[in-house]
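In the numbering used here, the protein residues as written are 978 to 1106. Read the structure below first, then the notes.
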Amino acid sequence: MWLTLAAGQTAHEEPQDAPEADLRTVFGAGGARLRALGQALAQRHPDREPHLYLACMGVIGGRQGAGLGSAMLRHRLERADAEGLAAYLEASSPRSRALYLRHGFEDLGEPVRVADSPLLWPMWRRPRR
978 MWLTLAAGQT AHEEPQDAPE ADLRTVFGAG GARLRALGQA LAQRHPDREP HLYLACMGVI
1038 GGRQGAGLGS AMLRHRLERA DAEGLAAYLE ASSPRSRALY LRHGFEDLGE PVRVADSPLL
1098 WPMWRRPRR
């Protein structure tokens, strides 16, 4: 799922009036953890220029490693290059990070970890012209 973000826009916005109790109602005990993760990622998300944000991408387990993820990335990144748009994402595993590195993404600082969560690697790709 690709989002097109303008300069100054972030995908990690939450309503200012969302009380902690509402998060618990929707997400249970993980609500506070989800909010902390969103805040940590928002601090790292670049917002100085328009860009694409790959919020999530997945390939069903039995089809992983068959090139489907690469095909999806190539399809949108070719258009991004033609439009002069950079791209940003957070890789959620060493395997996905390796995939994104092969497609021109670079690490954007140190990985993010909130409490005992898995690492997330913020990554950035400049458009190729």
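Each residue gets a CB set at the ideal place from its N, CA and C atoms; glycine is no exception. This structure is a prediction, so every number in the text was calculated from the model and none was measured.
Requested in this report: Would you list the residues sitting across from V1089 in a DSSP beta bridge?
Outcome: Looking at the DSSP assignment, V1089 forms a beta bridge with L1097.
Requested in this report: Take the Cβ of L980 as the centre, count every other Cβ of all protein chains shown within 10 Å, and call the residue buried at 16 or more, exposed below.
Outcome: Exposed, since its Cβ has fewer than 16 Cβ neighbours within 10 Å.
Requested in this report: Sort A984, R1010 and L1014 by Cα distance to P1088 and report the nearest one.
Outcome: It is L1014.
**Report entry** Close-in-space but distant-in-sequence residues of the same chain around V1036 (CB under 6 Å, 5 per side omitted)
**Finding:** Apart from the 5 residues on each side of it in sequence, V1036 sits with its Cβ closer than 6 Å to the Cβ of L1045 and G1046 in its chain, given in chain order.
Report task. Count the C-beta pairs between the segment 1000-1010 and the segment 1027-1042 that are closer than 8 Å, then say yes if the count reaches three, no if not. Result -> Contact between the segment 1000-1010 and the segment 1027-1042 is absent, because fewer than three Cβ pairs lie under 8 Å.
Query raised in the report: When DSSP labels each residue in this structure, what does E1026 get in the three-state scheme?
Result: E1026: coil per DSSP, three-state reduction.
**Report entry** When L1062, E1026 and L1018 are compared against A1032, the one with the closest alpha-carbon
**Finding:** Checking every option, the nearest Cα to that of A1032 belongs to L1018.
Report task. Use the C-beta contact count for A1059: other C-beta atoms within 10 angstroms, 16 or more gives buried, fewer gives exposed. Result -> Under this definition A1059 is an exposed residue.
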